[in-house]
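A.B. asks: First, the structure itself, so that you have it in front of you.
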Amino acid sequence: LKEAEPVIMRASQKGVIHPNAASREGSRLIKRLTTLAK
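Quick note on the working numbering: the sequence shown kicks off at 0 and runs consecutively.
Structure (structure tokens):
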């Protein structure tokens with residue numbers, strides 16, 4: 000997550016992906032990690 004999230008956010012800042020899409024992907028990653036941690 001520490002490596003993936005900055006890459007996603009950088010892509011949104013450069014206009015590669017929509018900012019909302021980047022935010023959505025970030026929250027999906029966090030959600031997936033919390034379910035794995037249980």
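The beta carbon of each residue, even a glycine, is placed where N, CA and C say it ideally should be.
Within its chain, find whatever has a CB closer than 6 Å to the CB of Gly43; leave out the 5 residues flanking it on each side and keep chain order.
C.D. replies: Outside the modelled stretch of the chain, which goes from 0 to 37, sits residue 43, for which no answer is possible.
A.B. asks: Are the CB atoms of Leu0 and Leu35 within a distance shorter than 8 Å?
C.D. replies: Cβ atoms of Leu35 and Leu0: not closer than 8 Å.
A.B. asks: Alpha carbon to alpha carbon, what distance is there between Ala20 and Lys37?
C.D. replies: Distance between the alpha carbons of Lys37 and Ala20 is about 26 Å.
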